[in-house]
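Novice:
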Amino acid sequence: MRIRSLGVIDDAVVELSPGFTAVTGETGAGKTMVVTSLGLLLGGRADPALVRIGAKSAVVEGRIAVPAG
142 MRIRSLGVID
152 DAVVELSPGF
162 TAVTGETGAG
172 KTMVVTSLGL
182 LLGGRADPAL
192 VRIGAKSAVV
202 EGRIAVPAG
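Our numbering runs 141 ahead of the 1-based position in the sequence shown.
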């Protein structure tokens, strides 16, 4: 998943693997924006207030792989 200009995140690539994933970090590090990005990828409604200050737009890109069978 790639996140650009969303909240405190300027540009980040997050790779999630099958199984349990924990998102940890200091206050203000962007944990909530990572979870918000997942919600947007799954069809959640975007809030223009989340666009990073100074940016024209925010972008969240992702690819979901579903195993055959």
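Where is the CB? At the ideal position from N, CA and C, for every residue including glycine.
When you compare each of SER178, GLU167, VAL149 to THR157 by their alpha carbons, which one comes out closest?
Specialist: The amino acid occupying residue 157 in the given sequence is Leu; Thr does not appear at that position. When each option's Cα is compared against that of LEU157, the closest is SER178.
Novice: So ILE144 and MET174 are supposed to be a Cβ contact under 8 angstroms. How far apart are they, rounded?
Specialist: So it is a contact: roughly 7 angstroms between Cβ atoms.
Novice: In whole angstroms, what is the alpha-carbon distance linking VAL119 and VAL192?
Specialist: An answer regarding residue 119 cannot be provided, because it is not within the stretch 142 to 210 covered by the chain.
Novice: How long is the line joining the alpha carbons of THR168 and VAL176, rounded to whole angstroms?
Specialist: So the two alpha carbons sit approximately 15 angstroms from each other.
Novice: Please tell me whether GLY160 and LEU182 are closer than 8 angstroms, where the distance is taken between their beta carbons.
Specialist: It is not a contact, given that the beta carbons lie outside the stated cut-off.
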